[in-house]
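Take a look at the structure below.
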Amino acid sequence: MRVDNDDILRSSGTDVRKCMKCGKCSGACPSFDEMDFPPHIFVSMVERGDAAALLSSKSLWTCMSCFACVERCPRGVEPANVIEAVRASAMSPQGANRMRPEDVPVFLGAAGECLVPQQLLASAFRKYSR
Amino acid sequence: MTKIGVFVCWCGSNIAATVDVDAVSEAIKAAPGVVFATNYQYMCSEGGQAAIRSAVAEHGLTGVVVCSCSPRMHEATFRKAAAGAGVNPYMVEIANIREQCSWIHKDKAEATAKAIALARAAVAKLNLDRPLTAPETPVTKRALVIGGGIAGIQTALDVADAGYEVDVVEKSPTIGGKMAMLDKTFPTLDCAACILTPKMVDAAAHEKITLYTYSEVEKVSGFVGNFTVDIKKRARSVSVDRCTGCGVCSEKCPSKRAKSEFDQGLRERSAIYIPFAQAIPNVPVIDRDTCLKFQTGKCGLCEKVCPSHAVDYSQEDEVITKQYGAIVAATGFKPIGLERFDEYAYSRSPDVVTSLEFERLCNAAGPTKGHLVRPSDGKEPKTVVFVQCVGSREASGIGAMKGKPYCSKICCMYTAKHAMLLREKYPDSEAYVFYIDVRTPGKNFDEFYRRAAEEYGVHYIKGMVGKVCDEGNGRLTVRASDLIENRQLLIDADMVVLAAAVEPDPSARALATLLTASMDTNDFFTEAHPKLRPVESPTAGVFLSGMCQGPKDIPDTVAQAGAAAAKVIGLLSKDRLVGNPCVASCDETLCNGCSACERVCPYGAISYETKTVVDRGAKDERRVASVNEALCQGCGACTVTCPSGAMDLRGFTGRQIMAEVDAICR
Ligand SMILES: Cc1cc2nc3c(=O)[nH]c(=O)nc-3n(C[C@H](O)[C@H](O)[C@H](O)COP(=O)(O)OP(=O)(O)OC[C@H]3O[C@@H](n4cnc5c(N)ncnc54)[C@H](O)[C@@H]3O)c2cc1C
Ligand code: SF4
Ligand code: SF4
Ligand code: SF4
Ligand code: SF4
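Chains as they are written, first to last, in the numbering used here: chain U, 141 to 270; chain Y, 180 to 845.
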């Protein structure tokens, strides 16, 4: 899987250079203990152009999209949106087939068996319904 | 015809790297009136100024154009150099080819062409300049200090010691400011009251100092050397002359439910109260909002019990008007409100306190008499978490900008102090300090912080607290990150202390408007130059002392207060001030008396008089505008407002401006 760091920066819609490495996001994160890369490190790695290393990160799927980090970050960095941008990249890698609107019902699956991770739907919902 | 010399400055490479200075000095020789042109590496240097002097002598120059940096930088320098050579200083024009040209352009050919155009404009204007003489005004030898914290007290003492009268206006019932609330002070841990109260007493006893407490500045007019100020003395309801400060009134007062401002709301006070034992003046005020006599008409107990018959319910606010030569703003600061920081449970738990509340809880004169206990149940805390940078260093964004973008500068140090005080009082306690950075530049400051960590065993953890939960059983759970060990901590704490960001006193903005002094976006007063004129406001005669200019600890505040005093003394020691001759003047033959200019003048410098005007040989009685040249600041608002073109600014006439435009558009 390949990922373009600039794409991540763009699609997250946030400026990771504003991060002052205070760790408040990770201090607030309820999933911290389930994460290999906690939110402040996630932000830091994207900031130095290493988003590729995060594509297989466990954090992508243990982040609950609770947005506590977004609420608390004193610099307006919105770590959850960075995580979500990488997550979206992992779901639709460049060069691979992209999801078309018609596919959405397929991904949702039959009653009770959602085929995409719930986080993706939840966070997409939060992001696009804002 | 003016004989003009043009001097093009390289400003090292600042200008010369982008503008072909040879081409400029060559091209400008063709402009009308120019008899000499040259260029030089640094015009502001002694060598550059000497070049002006010798060219004046050699070519008989009567006007000088310097193509250099902004006139804000060196207009005064070049005017002085010209005057030294016998040229009228108002026959000097600056063409700004640095800020307005070399710094903002990349293409050398274009920048050079623009520099030539700017030089031509300056020459065109200079051809219409006439020699001007600066007016002189007398100086009122008295200073006004607004704010009676340590900054205001120190400035007042220093100015008074030099022999000048000083009035201090303090809005609260006592002088002392925040320093009076502190317990011990970093970096020496000496007691705040022990070093402050003698100064408060000195200020009160000084024959040259008059204190107006419980008072505010209501109106300011005039200008440097000659300000007229209205001071509103709010009714204390107690006679300062009669009261002996015995305190019987406060003791007997039945209304005791108001929160003590001085004790940060940690204690209740009576309606008639003295903020703290060493208050100056040691005279109570009646808070009319909570006084039963004022609210219901019943009571009047304090009047009856006062042995000195000092209580006087009929007192009214009083406005006094006085003259000053200089004004010092020393309005200080306050910690920001933390209502919006839900994550720290400040509004929910009484055991989550601000650092200033913590000072009061440690202070022997505080609500607990110095017995450091939890506000909720009065128990001694065993585990205390200190959070630095609460509301400081924020950027705009979704969750952010509940606070301030700047570093509050004092909280790293006072947090180290608080952690030490805790460990000293309770050696079996645990102190955790969460920090983003520990910023301790300052003499003996880093050593102080290291002492907290090394000698007092304070746990310093790099990371921020993400959430504080009030568990309801007297416990606080603190969830935080430890960035060095990359783990998340859960700490079971008895108390949490929040180092809240500081902000300017909320009254400062209105005051700045009264003083026509400028402020930055955070409402700190702006200094005239961030490096070279740090204690002067850009408004002449207005000076800055203490936290009102930016976050500062006591050593910095006192140093700045002394510096402001030195500037005030320098001003008051002059008998006369040289003013600005570039003021508005009215051509009475054109004025139709419409009053448009009077309405638009922000300095109230224009009035009307009926005069006999000679217009083309005919005598006529007319109502015409007249400019008070001492009040006029030369802003030019009237000149563009006047429908008849009667108003003109000396040195900046309409014809001169048009000549500049013509020269550029040629
Ligand atoms: C918790 C805490 C602990 C601290 N500990 C230390 C320490 O240990 N060591 C140290 O060096 N520094 C310490 N400081 C910093 C110190 O308090 C300040 O440096 C100092 O108080 C600044 O003095 P100031 O006179 O500029 O402002 P202030 O103390 O705020 O005084 C300003 C005064 O002006 C009055 N005023 C405001 N507006 C008006 C108005 N419009 N008209 C009339 N009067 C007005 C106010 O009522 C006040 O009396 C601490 C600060 C805090 C918050
Ligand atoms: S959104 Fe994800 S990373 Fe952010 S606090 Fe919630 S779980 Fe943690
Ligand atoms: S809270 Fe914001 S500024 Fe602090 S480490 Fe996380 S992303 Fe960076
Ligand atoms: S007003 Fe009267 S009772 Fe109150 S402190 Fe003064 S002298 Fe004492
Ligand atoms: S002084 Fe220290 S605690 Fe205060 S804002 Fe600056 S870095 Fe933060």
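In this text, a Cβ means the ideal position worked out from N, Cα and C, and glycines have one as well.
| request: Enumerate in chain order the residues of its own chain whose CB-to-CB distance from Y/V484 is below 7 Å, with the five nearest sequence positions on each side excluded. | output: Hits under 7 Å: V427, C428 and K431.
| request: Please confirm if Y/S575 has its CB atom under 8 Å from at least one CB of chain U. | output: By this cut-off, Y/S575 is an interface position.
| request: Please list the partners that Y/K154 has in chain U, where partner means a Cβ-to-Cβ separation under 7 Å. | output: The structure shown has nothing for residue 154 of chain Y, since chain Y only spans 180 to 845.
| request: Going by CA-CA distance only, name the one from Y/V566, Y/A509, Y/Y503 and Y/H550 that's closest to Y/S534. | output: Of Y/V566, Y/A509, Y/Y503 and Y/H550, the residue nearest in Cα terms is Y/V566.
| field | Backbone CA spacing between Y/D442 and Y/K753 [nearest angstrom] | value | Straight across, the Cα-Cα distance linking Y/D442 with Y/K753 is about 44 Å.
| said: Once DSSP output is grouped into helix, strand and coil, what is the label at Y/C780? | reply: Three-state DSSP puts Y/C780 in coil, outside helix and strand.
| field | Start-end ranges of the alpha helix (DSSP H) lying completely within the segment 162-196 of chain U, minimum 4 residues | value | Taking only runs of at least 4 residues, the alpha helix (DSSP H) segments lying wholly in the segment 162-196 of chain U are 164-168 and 179-187.
| When Cβ atoms are compared, which residues of the segment 148-176 of chain U fall closer than 9 Å to chain Y? | For the segment 148-176 of chain U, which is checked against every Cβ of chain Y, the residues closer than 9 Å are T154, D155, K158, M160, K161, C162, G163, K164, C165, S166, G167, A168, C169, P170, F172 and D173.
| Is the shortest distance between the beta-carbon of Y/R572 and the beta-carbons of chain U less than 8 Å? | Yes, Y/R572 lies at the interface with chain U (some Cβ there is under 8 Å from its Cβ).
| said: Taking DSSP's pairing of strands, which residues face Y/K798 in a bridge? | reply: DSSP output for Y/K798 lists Y/V793 as bridge partner(s).
| query | Three or more beta-carbon pairs under 8 Å between the segment 332-346 of chain Y and the segment 372-389 of chain Y, yes or no? | reply | Short answer: they touch.
| query | Which partner residues of Y/M826 appear in the DSSP bridge assignment? | reply | DSSP output for Y/M826 lists Y/C765 as bridge partner(s).
| How about Y/V419 and Y/P454: do their beta carbons lie closer than 8 Å? | No, Cβ-Cβ distance for Y/V419 and Y/P454 is not below 8 Å.
| query | So is U/C206 in contact with chain Y if we call contact Cβ pairs under 8 Å? | reply | Output row for U/C206: interface = no.
| message | Can you pull the chain U neighbours of Y/R658, defined as C-beta to C-beta under 8 Å? | response | By Cβ distance, chain U contributes G167 and A168.
| Quick one: what's got a C-beta closer than 7 Å to U/K198's C-beta in the same chain, skipping five residues either side? | If we look at U/K198 and ignore the five residues flanking it on each side, its Cβ neighbours are M175 and D176.
| query | Can U/V183 be considered in contact with ligand 6, in the sense that its beta carbon sits closer than 7 Å to one or more heavy atoms? | reply | Ligands displayed in this structure: ligand 1, ligand 2, ligand 3, ligand 4 and ligand 5; ligand 6 is not among them.
| message | Just checking: is the beta-carbon of U/P219 within a distance shorter than 8 Å of some beta-carbon in chain Y? | response | It does not; no Cβ of chain Y falls within 8 Å.
| 8 Å Cβ cutoff, U/R188 in contact with chain Y | Interface flag for U/R188 against chain Y is unset, since no Cβ pair is found closer than 8 Å.
| field | Y/Q474 burial status per 10 Å Cβ neighbour count (16 or more: buried) | value | Exposed, by the Cβ-count rule.
| task | Please indicate yes or no: does the CB of Y/C586 lie closer than 7 Å to some heavy atom of ligand 5? | result | Yes, Cβ of Y/C586 sits closer than 7 Å to a heavy atom of ligand 5.
| task | Select from Y/Y605, Y/N807, Y/T594 and Y/K622 the residue whose C-alpha is nearest the C-alpha of Y/D616. | result | Nearest C-alpha to Y/D616: Y/T594.
| said: Assuming Y/V409 is part of the beta strand (DSSP E), what are its boundary residues? | reply: The sequence given here has Asp at residue 409 of chain Y, not Val. For Y/D409, the enclosing beta strand (DSSP E) has its first and last residue at N405 to K412.
| Y/D337 classed as buried or exposed, judged by whether at least 16 other C-beta atoms fall within 10 angstroms | Per the 10 Å Cβ criterion, buried.
| query | Can you find a CB in chain Y that lies within less than 8 Å of the CB of U/G216? | reply | Output row for U/G216: interface = yes.
| message | List, from N- to C-terminal side, the beta strand (DSSP E) runs of 3 residues or more that fit wholly inside the segment 458-533 of chain Y. | response | The beta strand (DSSP E) runs lying completely inside the segment 458-533 of chain Y and spanning 3 residues or more are 497-503, 505-508, 512-514 and 531-533, given in chain order.
| If contact means a Cβ-Cβ distance below 7 Å, which residues of the segment 513-540 of chain Y contact chain U? | Contact residues of the segment 513-540 of chain Y toward chain U are E522 (C-beta to C-beta distance below 7 Å).
| According to DSSP, is Y/S716 helix, strand or coil? | Note: Y/S716 maps to coil in three-state DSSP.
| Contacting residues, own chain, Cβ-Cβ under 7 Å from Y/F624 (five flanking each side not counted) | The residues are P366 and M592.
| U/Y268 - DSSP class collapsed to helix/strand/coil | Confidence is the limiting factor: at U/Y268 the pLDDT is only 48, short of 50, which leaves the residue's position unreliable, though a coordinate-based value still follows. When DSSP states are grouped into helix, strand and coil, U/Y268 belongs to the helix group.
| So Y/S224 is in the beta strand (DSSP E); what residue range does that whole segment cover? | That residue, Y/S224, is in no beta strand (DSSP E); it is neither H nor E in DSSP.
| request: Taking Y/V769 as the query, report the chain U residues whose CB atoms sit under 7 Å from its CB, ordered along the chain. | output: Just to set this straight, residue 769 of chain Y is Leu in the shown sequence, not Val. What Y/L769 touches in chain U: nothing, since even the nearest Cβ is about 56 Å away.
| field | Contained beta strand (DSSP E) runs [length at least 3] in the segment 348-411 of chain Y, N- to C-terminal order | value | Runs of the beta strand (DSSP E) inside the segment 348-411 of chain Y: 388-391 and 394-402.
| field | Range covered by the beta strand (DSSP E) that runs through Y/Q279 | value | Counting along the chain, Y/Q279 falls outside any beta strand (DSSP E), and DSSP gives it neither H nor E.
| said: So, at 8 Å on beta carbons, what are the nonlocal neighbours of Y/E254 in its own chain, with the 5 sequence-adjacent residues on each side left out? | reply: If you ignore the 5 residues before and after Y/E254, its C-beta comes within less than 8 Å of the C-beta of V271 and I273, all in its own chain and listed in chain order.
| Candidates Y/K581, Y/G651, Y/Q667 and Y/V647: closest to Y/I640 by CA position | Considering only alpha carbons, the answer is Y/Q667.
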